[in-house]
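What follows is a set of notes on a single structure, which appears directly below.
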Ligand SMILES: Cc1ncc(COP(=O)(O)O)c(C=O)c1O
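In the numbering used here, the protein residues as written are 1 to 417.
Here it is as C-alpha cells:
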C-alpha cells in the first residue's frame with residue numbers, strides 16, 4: 001500500500017470544479033457594486049426558502065449571530081414568565097441543551113442571559129436524548145400558570161436548543177411532544193445539517209426557529225463568514241429582521257438593542273451558485289460514509305455512527321475508538337493514521353459543562369457520562385464530497401491495519417502508585 005496524503009477536509013477540488021461559475025457570480029457583484037443588501041441577498045434568501053420549504057430566511061453574518069438573533073427574537077415579555085425573583089443573578093432563565101457541540105450553541109445562551117442546563121446525548125447519534133430530557137423536567141420542573149419553572153430556583157425554563165450534530169437531526173417527534181407538554185420553544189441549531197431531512201421535512205424547519213452557519217467547511221460553505229435564521233412565523237421573522245439591523249423598526253426608529261449582522265453580497269453570490277449542488281455534495285458524503293460503515297463496523301475497538309432518524313448529511317464522520325468498557329484507543333489510531341499521512345480531527349475534545357463560564361451553577365448541571373465518553377473516544381475521519389474512492393479505500397485499509405495495544409487501566413493505575 002503506497003503512502004498517500006489525505007486531508008481531513010479540503011475545498012481545493014470543489015473550487016477547481018466550480019471556478020468559472022463562481023468567478024462569473026463574483027463579477028456580477030462587482031459590476032453592480034451592491035455589496036451589502038439588495039438583489040443578491042434577497043435572491044439567495046428566496047432560493048434557500050424554496051429549498052427548505054420555509055416561509056422566511058433571514059440572512060446574517062454567521063451561525064453564531066443567527067443563534068444570538070433567534071434567542072433574542074424569542075424573548076418577548078409575554079413568553080419569559082417571572083413567577084418569582086430568580087436567585088441566580090444575571091442568568092435569569094434556563095434553556096435546555098446538549099453538552100456535546102461547538103461552543104456557540106451554549107455560549108449564545110449564556111450571552112443572552114440564559115443558563116444552559118445540559119441533558120446528556122444518545123450514544124449512537126450524539127444528539128440530545130429525549131428520554132433524559134423528559135426525566136430531567138419531571139424531576140426538576142413544575143408548571144405555574146402554564147409555564148415551566150425550575151422548582152428549586154424558581155427560574156423560568158423557556159426553551160430547548162437541540163443541535164443536529166454532524167449532520168443528523170435530533171429526534172424532533174419525541175422532542176416536540178415534550179416541548180408541547182412543558183410549553184417551551186425550540187431553537188434548532190442546524191449549522192451542520194443543511195439538506196438533512198426528518199419525516200420529509202428539512203433540518204431547520206423542525207423547531208420554532210432554525211439557525212444555519214455557512215462557514216466555509218460547512219456542507220454549504222461560503223468563502224467567508226455567513227449564516228441565517230429560518231422560520232415560518234411572520235412575527236418572529238419581523239423581529240429577526242429588526243435584531244440584525246440594530247433593533248431598527250423603520251428609518252431611525254429603534255425599538256430594542258440589536259446588532260449589525262449582514263451577509264455580504266459576495267457570500268450570497270457564492271452560496272447561490274453552490275446551493276443547487278448541495279444535494280449532490282450530500283449524496284457523495286453519504287456514499288463515503290456507507291463505505292466507511294461497511295468496512296469498519298465489524299472491527300474491534302471501532303464503533304461506527306448510526307443513522308437512527310431521517311437522512312444524515314455527514315458534515316462529519318465520527319467513530320468511537322474504544323473497548324466495551326469505554327477505555328479509549330483513540331490516541332493509538334490517531335497516531336497510526338497520522339504516520340500514514342491521514343489527517344483526523346477531534347470534535348469535540350471538551351464537554352460544554354466543563355467550561356466554567358457556561359455553567360456557573362454546578363448544582364444545576366446534570367451528569368453527562370455519554371458525552372464525557374464521546375469527548376475521550378471520538379475521532380473524525382476525512383469527510384468531504386470530492387474525496388476519491390482510492391483515498392477512501394486508503395483510509396479504510398489504514399484503519400484496518402491498526403494493531404491496537406490493549407489498554408489495561410487497572411495495571412496502569414498500579415504502575416503509577
Ligand atoms: C453546531 C454549531 N453551532 C453554531 C456554529 C457557529 O457558526 P459560525 O462559525 O458560523 O458562527 C457552528 C460552527 O461551527 C456549529 O458547528
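Note that the Cβ used here is the ideal one computed from N, Cα and C, for glycine as well. Only a predicted model underlies this, so the values are computations on that prediction, with no experimental measurement involved.
- Annotation: the continuous beta strand (DSSP E) that includes residue 143 extends over 141-144.
- With a cutoff of 6 Å, residue 33 does not count as near ligand 1, since its C-beta is closer than that to no heavy atom of the ligand.
- Counting the other CB atoms within 10 Å of its CB gives residue 187 a total of 16 or more, which places it among the buried residues.
- Residue 230: member of the beta strand (DSSP E) spanning 227-231, first to last residue.
- When only Cα atoms are considered, residue 146 and residue 183 end up about 7 Å apart.
- Residue 35 is classed as exposed because its beta carbon has fewer than 16 other beta carbons within 10 Å across all chains shown.
- Secondary structure of residue 311 (DSSP, three-state): strand.
- By the 16-neighbour rule on beta-carbons within 10 angstroms, residue 206 is buried.
- If you ignore the 5 residues before and after residue 9, its C-beta comes within less than 6 Å of the C-beta of 217, 384, all in its own chain and listed in chain order.
- When Cβ pairs closer than 8 Å are counted between the two stretches, the region 112-121 is seen to touch the region 61-78, the count reaching three or more.
- Using a Cβ distance threshold of 7 Å, residue 124 and residue 310 do not count as a contacting pair.
- Look at residue 346 here: in three-state DSSP terms it is coil, with no helix or strand label.
- The distance from the Cβ of residue 61 to that of residue 227 is about 6 Å, consistent with a contact at the 8 Å cut-off.
- Comparing C-alpha distances from residue 301 to each of 170, 120, 164, 402 shows the shortest one belongs to 402.
- With 16 or more other Cβ atoms inside 10 Å of its own Cβ, residue 192 counts as buried.
- Distance from the CA atom of residue 361 to the CA atom of residue 368, rounded to whole angstroms, is 15 Å.
- Taking a 10 Å sphere around the C-beta of residue 208, we find 16 or more other C-beta atoms and assign the residue as buried.
- Between ligand 1 and the CB of residue 102, the shortest heavy atom gap is smaller than 6 Å.
- In the displayed model, residue 398 falls within a helix according to three-state DSSP.
- DSSP, reduced to helix, strand and coil, places residue 302 within a strand of the structure shown.
- Placement of the Cβ of residue 191 at a distance of less than 6 Å from at least one heavy atom of ligand 1 is found.
- The beta carbon of residue 215 sits closer than 6 Å to at least one heavy atom of ligand 1.
- When secondary structure is reduced to three states using DSSP, residue 269 falls in the helix class.
- Rounded to whole angstroms, residue 354 and residue 136 show a C-alpha spacing of 19 Å.
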